[in-house]
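In the working numbering, the protein residues as written are 4 to 999.
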Amino acid sequence: MPRHARIQFASLKSSLVNLPISLYGPLLERNIRPQNVAVVLSKVGEGTKKDLYVGWTGMLAASSVARFSGSSGSAGEAETVEIDPQFAAGLGLAPGDIVEIGLAHDLPRAKIVTTEPLTADDWEILELHAEHVESTLLSQVRVASFGQELDVWVHGATRVRLRATALDPPNAKALLLTTDTELSIAPKAHARPSKSKTAQSTSSSTPTQDVSSTKPRPILTTILRVLPSTLLSRLPDVCEQPIACVPSSLLASLPPGSYNASLRVLRAPADPEDTTTSAPAPEPEARQLDLGRASSSSEGKSSTAKLEERIIPLVGLDEVPEGQIVIVDGGLDEISIDWERVLLSVLPGSRSLESAPKLVHCIAKDPLHALAGIDAVLKASGDYCRAAFSLAQNGRLPGLPALLITGRSGSGKTEVARAVARGMQYDADVHACSRYVDLARYKDRPARSLRELFVAWRDAVAWRAPGVLILDNLEAVLGVESEHADSFQTRHATEAFLSVFVRQAVPDVLIIGTTQSDSSLHPALGAAHVFKKTVTLRAPDKDTRKMIFEQTLRERLTSAQSLSLDDVHPPNALALATQTEGYSATDLRDLVARAVHVAAARVAADADCPSDMAMLKMQDFTKAQEGFVPRTLREVPLQTSTVAWTDIGGLNDTRRVLRETLEWPTKYAAIFKQSPLRLRSGLLLYGYPGCGKTMLASAVARECGLNFISIKGPELLNKYIGASEKSVRDVFERASAAKPCVLFFDEFDSIAPKRGHDSTGVTDRVVNQLLTLMDGAEGLDGVYVLAATSRPDLIDSALLRPGRLDKALLCNMPSAAERKEILEAHAHKVPVHSSVDFTWLANATDGFSGADLQALVYNAHLALIHADIGVHASLDDKARDSGEQKRIDFVRFGGRGGGEGLTSRAEEMEMESRIQRMISLSGKGTVVANTSTSQPVKHELTDVHLRAVLKDTQPSVAKEEAARLSRIYSAFVDRRTGEMPVPLEAGGVGQRATLM
Numbered sequence: 004m005p006r007h008a009r010i011q012f013a014s015l016k017s018s019l020v021n022l023p024i025s026l027y028g029p030l031l032e033r034n035i036r037p038q039n040v041a042v043v044l045s046k047v048g049e050g051t052k053k054d055l056y057v058g059w060t061g062m063l064a065a066s067s068v069a070r071f072s073g074s075s076g077s078a079g080e081a082e083t084v085e086i087d088p089q090f091a092a093g094l095g096l097a098p099g100d101i102v103e104i105g106l107a108h109d110l111p112r113a114k115i116v117t118t119e120p121l122t123a124d125d126w127e128i129l130e131l132h133a134e135h136v137e138s139t140l141l142s143q144v145r146v147a148s149f150g151q152e153l154d155v156w157v158h159g160a161t162r163v164r165l166r167a168t169a170l171d172p173p174n175a176k177a178l179l180l181t182t183d184t185e186l187s188i189a190p191k192a193h194a195r196p197s198k199s200k201t202a203q204s205t206s207s208s209t210p211t212q213d214v215s216s217t218k219p220r221p222i223l224t225t226i227l228r229v230l231p232s233t234l235l236s237r238l239p240d241v242c243e244q245p246i247a248c249v250p251s252s253l254l255a256s257l258p259p260g261s262y263n264a265s266l267r268v269l270r271a272p273a274d275p276e277d278t279t280t281s282a283p284a285p286e287p288e289a290r291q292l293d294l295g296r297a298s299s300s301s302e303g304k305s306s307t308a309k310l311e312e313r314i315i316p317l318v319g320l321d322e323v324p325e326g327q328i329v330i331v332d333g334g335l336d337e338i339s340i341d342w343e344r345v346l347l348s349v350l351p352g353s354r355s356l357e358s359a360p361k362l363v364h365c366i367a368k369d370p371l372h373a374l375a376g377i378d379a380v381l382k383a384s385g386d387y388c389r390a391a392f393s394l395a396q397n398g399r400l401p402g403l404p405a406l407l408i409t410g411r412s413g414s415g416k417t418e419v420a421r422a423v424a425r426g427m428q429y430d431a432d433v434h435a436c437s438r439y440v441d442l443a444r445y446k447d448r449p450a451r452s453l454r455e456l457f458v459a460w461r462d463a464v465a466w467r468a469p470g471v472l473i474l475d476n477l478e479a480v481l482g483v484e485s486e487h488a489d490s491f492q493t494r495h496a497t498e499a500f501l502s503v504f505v506r507q508a509v510p511d512v513l514i515i516g517t518t519q520s521d522s523s524l525h526p527a528l529g530a531a532h533v534f535k536k537t538v539t540l541r542a543p544d545k546d547t548r549k550m551i552f553e554q555t556l557r558e559r560l561t562s563a564q565s566l567s568l569d570d571v572h573p574p575n576a577l578a579l580a581t582q583t584e585g586y587s588a589t590d591l592r593d594l595v596a597r598a599v600h601v602a603a604a605r606v607a608a609d610a611d612c613p614s615d616m617a618m619l620k621m622q623d624f625t626k627a628q629e630g631f632v633p634r635t636l637r638e639v640p641l642q643t644s645t646v647a648w649t650d651i652g653g654l655n656d657t658r659r660v661l662r663e664t665l666e667w668p669t670k671y672a673a674i675f676k677q678s679p680l681r682l683r684s685g686l687l688l689y690g691y692p693g694c695g696k697t698m699l700a701s702a703v704a705r706e707c708g709l710n711f712i713s714i715k716g717p718e719l720l721n722k723y724i725g726a727s728e729k730s731v732r733d734v735f736e737r738a739s740a741a742k743p744c745v746l747f748f749d750e751f752d753s754i755a756p757k758r759g760h761d762s763t764g765v766t767d768r769v770v771n772q773l774l775t776l777m778d779g780a781e782g783l784d785g786v787y788v789l790a791a792t793s794r795p796d797l798i799d800s801a802l803l804r805p806g807r808l809d810k811a812l813l814c815n816m817p818s819a820a821e822r823k824e825i826l827e828a829h830a831h832k833v834p835v836h837s838s839v840d841f842t843w844l845a846n847a848t849d850g851f852s853g854a855d856l857q858a859l860v861y862n863a864h865l866a867l868i869h870a871d872i873g874v875h876a877s878l879d880d881k882a883r884d885s886g887e888q889k890r891i892d893f894v895r896f897g898g899r900g901g902g903e904g905l906t907s908r909a910e911e912m913e914m915e916s917r918i919q920r921m922i923s924l925s926g927k928g929t930v931v932a933n934t935s936t937s938q939p940v941k942h943e944l945t946d947v948h949l950r951a952v953l954k955d956t957q958p959s960v961a962k963e964e965a966a967r968l969s970r971i972y973s974a975f976v977d978r979r980t981g982e983m984p985v986p987l988e989a990g991g992v993g994q995r996a997t998l999m
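What follows is the structure in structure tokens.
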């Protein structure tokens, strides 16, 4: 049963009403905000029912309270609704009128509301007080309905009367005004009778395109978005005049006939980066009010651009989506208005086409991307974006739709983001505009300025919604806080980002962010769940690199007419892909560019070759790779080594397994790729101290052709919680960027001991992180882990299982034959007499490790050098003793006075030494010039030196220590089980213990 109420006047100075108590009470109990309430009034007794939509003040009608209190009125009298008398007069309501009153539920929120002043005086008042109206309009007007009057009071005294002429969304009867609503007010100037009458009399028979004051009343008015004509598959074949194409459903409700379109381009929100300024137009300018914030300047926040209005023919086209319009043949005055919003007024066809235009098929530009091998990434990103826009259109998407693209520098994040945006632009169900912003340009901006930019970027894309906003290099502005630097700027910039894009999210705006890794962003972004989906770009594999090479070469050949491929030795894309393991997509493109430059330089240097044609050969790529460092390796500290396999004696079985595991899969990649078995990726080197574990790793760095990163165990540990685990992740990320790569952990037992034996829990967390990285939840690809330790029994057993450290290799004490090999390997680096036989020395050094044997040879060489130095020193002493030492006096002749000459004692001693040497040589009859041509005596190592050093050398590993380590290694190999250690007491609880 409808509820009735009686109109009662009250000086409210707004377009809102006070509700009767029967409606006020339920709203108050449910805590419903007045901003979300729309009241529907319908006058009883009229023939045609007309609904009037007004807002609620949040207050109760005082006359309704008096009725229920019994102070006045009778029990059967109708309730009252209070309304401002001036506003009621504009709606056609009088005091005492009975109206049906109700609440409008689920009204859509207004995106754009276009209004016009009722009189020119209203426009002049609005121009003078635009700033005040912009800041107070939402407190006076809450609902807008097409054709209904809206009243706004300026400073509570002067009334400005507006009428809604267009709404967006256009199909709703009424819309709620929010802080995201754009309110556009068309200008209305005072009429000039004399000039208008003269103009009408002189041009009554001449048609014109410009809108005049005598244009017919529009049949239909709506707001549409201009789509680029390149997005449609069929367009009208016209070339003389522009045509406006709208959806066929828009004209289906109108009577058959021809129609024209009066278009007025609405002004987009001001862009703070737009430095172009235009001279003020003398004509009245439309005002566009941003209801979301108050203006600080009436000129800075209001729209000041002149709006063009033209009349062009209008046709319906099935290919045009709902809510869109396409301007064919050049647009308006050759001004690009793609993605802008226009106010369309449908007029009777006084200037129409003579016949329906013929439709021709157009070949839309394919949204190609410049990188190859990313089809899977594009498909996953495109599916997410399409689903987000679909949910946003249905109003079922809470919060902000956002996509995060991560990857190392040069992996193609920006190109992928642009490709995704282009895909959404060409998608027939979305047609999203896009805007690209590189945040690295704004990393030095203060937080307040960044907030203004965030609002401007959001509003600019929201105006052209649906849209995609690409924020490149997010970590430059929204990076993680640093421990040793002031993080005030980053923290406040992140808060501004969350406030603008999350707390005031616009559903039709999708954000695509790029960063090197999600851990480089501020934790507040993760806590707020800003990015619903994350896509990671990995380094391209061999097939992908081949595709990138081929596509880049095609682009180069197409763009450069003077470049061609050599017929005899053309570039082999497959061979180049094999040689560029670990290169990113940008590295590959840079390599092609370097090869082109090499070819151009070769042609320029060769006088026989024609200068207008460059032939690209395979040798150009080989030369271009010389000195070229990929982006992923420019900041990675790779170790280089001079140790070769020939420098290592013994350990033949260990070297064989190392070569099979590390060198063969890279050298024979095509064969190993076809293997159905999982290849080993982790090795543990254990053995006695000084038996060559680290030396083997150094040889791997040189001989296996892999990048090599060496990590000393304790350098990963940090006293801060979480810092040690981050160091482990960073190390594996560096290794993954440099793949194929060997990651060598020396003293592995110091960072991966058995869990539960550390009171601080640091190493426990490090072990857990290692487990997830080494074939755990994430796994490894192209990264080999090589660990070395002398105490394998201290390492956590979970790391020694298959899939992590697959095989343990023992570096045992060398036998007699291996000791001889070690001595001969080190003897190649020092001069040794041919008569030396290392057999006796190998038999005499039982219990010596490889390091002990190396020290023995080097110490013998040092003893030889010291002995030679001692012989020369004694000869010089005898020469000085046998020579006559004469006192040398320094006398200065001539010159000027004033203390010039040899005044330093050091200079006198140097001169004296030179004179004494000259006297000594002259006494022996030796010519000084002949001393430089004397051949140096060659000193060689003999058995005498080796025996002398052997007497003073002892093994570094004592027999007791070697026996203890032998028992440990035997237990590690023979009696090792997969059981976890348990406490001593049966059923007891283990305790952590550490040595302080």
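All C-beta atoms in this analysis are idealised placements derived from N, C-alpha and C, irrespective of residue type, glycine included.
Problem - Cβ neighbours of M550 in the same chain (closer than 7 Å, five flanking residues each side left out) - result: Hits under 7 Å: A375, G376.
Problem - Cβ pair D809, G690 closer than 8 Å - result: Their beta carbons are not under 8 Å apart, which means D809 does not touch G690 by this criterion.
Practice task
Answer with buried or exposed for G482, where buried requires no fewer than 16 other C-beta atoms within 10 angstroms of its C-beta.
Solution key: Under this definition G482 is a buried residue.
Problem - C-alpha distance - V734 paired with N710, whole-angstrom precision - result: So the alpha carbons of these two residues sit roughly 13 Å apart.
Exercise for the section: Return yes when the Cβ of A755 is within less than 8 Å of the Cβ of D799, no when it is not. Expected result: Yes, the pair counts as a contact, with Cβ atoms nearer than the cut-off.
Exercise for the section: For the beta strand (DSSP E) containing N34, list its first residue and its last residue. Expected result: Where N34 is concerned, there is no enclosing beta strand (DSSP E), given that its DSSP letter is neither H nor E.
Exercise for the section: Could you please give me the residues that DSSP links to I712 through a beta bridge? Expected result: L746.
Practice task
Taking the CB atoms as reference points, tell me whether S18 and L153 lie closer together than 8 Å.
Solution key: In contact: S18 and L153 (Cβ atoms closer than 8 Å).
Problem - Per-residue DSSP class, three states only, for L865 - result: Correct three-state label for L865: helix.
Handout entry: Boundaries of the alpha helix (DSSP H) in which R267 is found, first to last residue
Key = Note, R267: premise wrong, no alpha helix (DSSP H); beta strand (DSSP E) at 262-268.
Practice task
Report the residue from K446, R162, G95, S138 whose alpha carbon sits nearest the alpha carbon of E127.
Solution key: Distances from the CA of E127 to each of K446, R162, G95, S138 were compared; the closest alpha carbon is that of R162.
Handout entry: Where the alpha helix (DSSP H) containing R732 begins and where it ends
Key = Counted as a single uninterrupted DSSP element, the alpha helix (DSSP H) harbouring R732 occupies residues 726-740.
Handout entry: Nearest candidate by alpha-carbon position, reference V471, set V512, S730, K446
Key = If we check each option's Cα against that of V471, V512 comes out closest.
Practice task
Would you kindly check if the distance between the Cβ of V20 and the Cβ of V57 is under 8 Å?
Solution key: Yes, they are a contact pair.
Problem - Reduced DSSP category for N21 - H, G, I as helix; E, B as strand; rest coil - result: Judged by DSSP in its simplified three-state form, N21 adopts strand.
Practice task
Within its chain, find whatever has a CB closer than 7 Å to the CB of Q492; leave out the 5 residues flanking it on each side and keep chain order.
Solution key: Correct list, in chain order: A450.
Practice task
Whole angstroms is fine: what's the gap from R758's alpha carbon to K670's?
Solution key: If you take the alpha carbons of R758 and K670, they lie about 38 Å apart.
Exercise for the section: Give the DSSP-derived three-state secondary structure of K59 in the structure shown. Expected result: First, the residue type needs correcting, since residue 59 is Trp and not Lys in the sequence shown. For W59, the secondary structure class from DSSP, reduced to helix, strand or coil, is strand.
Exercise for the section: Measure the CB-CB distance between P221 and I330 and report whether it falls below 8 Å. Expected result: Contact flag unset, no.
Practice task
Would you decide whether D849 is buried or exposed? Buried here means 16 or more other CB atoms lie within 10 Å of its CB.
Solution key: Looking at its Cβ environment, which holds fewer than 16 other Cβ atoms inside 10 Å, D849 is exposed.
Handout entry: DSSP bridge partner residues for S414 (one or two, in chain order)
Key = Beta-bridge pairing by DSSP links S414 to no other residue.
Problem - S305 to K729 span [Cα, whole Å] - result: Residue placement at S305 is flagged as unreliable, the pLDDT there being 35, under the threshold of 50; the coordinate-derived value follows with that caveat. C-alpha separation (whole angstroms): 50 Å.
Practice task
Look at the alpha carbon of D432 and the alpha carbon of R461, and state the distance between them as a whole number of angstroms.
Solution key: Cα to Cα, D432 sits roughly 22 Å from R461.
Practice task
Determine the closest residue to I3 out of A596, R950, E343, S265, with distance taken between C-alpha atoms.
Solution key: Residue 3 lies beyond the stretch modelled for the chain, which goes from 4 to 999, so this question has no answer here.
Practice task
Report the residue from S251, E821, E736 whose alpha carbon sits nearest the alpha carbon of M777.
Solution key: The residue among S251, E821, E736 with its C-alpha nearest the C-alpha of M777 is E736.
Practice task
Mark A847 as exposed unless 16 or more other C-beta atoms lie within 10 angstroms of its C-beta, in which case mark it buried.
Solution key: In summary, A847 is exposed, with fewer than 16 beta-carbon neighbours lying within 10 Å of its beta-carbon over all protein chains present.
Handout entry: Pair within 8 Å by beta-carbon distance, V538 and I408
Key = Yes, they are a contact pair.
Problem - Element boundaries [beta strand (DSSP E), containing L687] - result: Looking at the DSSP string, the run of the beta strand (DSSP E) that includes L687 is 685-690.
Handout entry: Residues near A465 in its chain [Cβ-Cβ closer than 6 Å; skip 5 each side]
Key = Same-chain partners within the cutoff: V509, V512.
Handout entry: Inter-stretch contact (C-beta, 8 Å, three-pair minimum) for the segment 815-827 and the segment 705-724
Key = Short answer: they don't touch.
Practice task
Return the chain-ordered list of same chain residues with a C-beta closer than 7 Å to the C-beta of L442, the five sequence neighbours on each side being excluded.
Solution key: Result list for L442: L474, D475, N476, L477, A479, V480, in chain order.
Exercise for the section: Flag this pair as yes or no: are the beta carbons of Y387 and K626 separated by less than 8 Å? Expected result: No.
Practice task
Pull up the distance between the alpha-carbon of T224 and that of P29, whole angstroms please.
Solution key: The straight-line gap from Cα to Cα measures roughly 38 Å.
Handout entry: Check whether E666 and G708 have beta carbons under 8 Å apart
Key = Against a cut-off of 8 Å, the Cβ pair of G708 and E666 comes out as a contact.
Exercise for the section: Find the nearest neighbour of K954 within the set D430, Q772, L844, judged by alpha-carbon distance. Expected result: A check of alpha carbon separations from K954 across D430, Q772, L844 identifies L844 as the nearest.
Practice task
Select from H132, H7, E49 the residue whose C-alpha is nearest the C-alpha of L106.
Solution key: That would be H7, whose Cα lies nearest to the Cα of L106.
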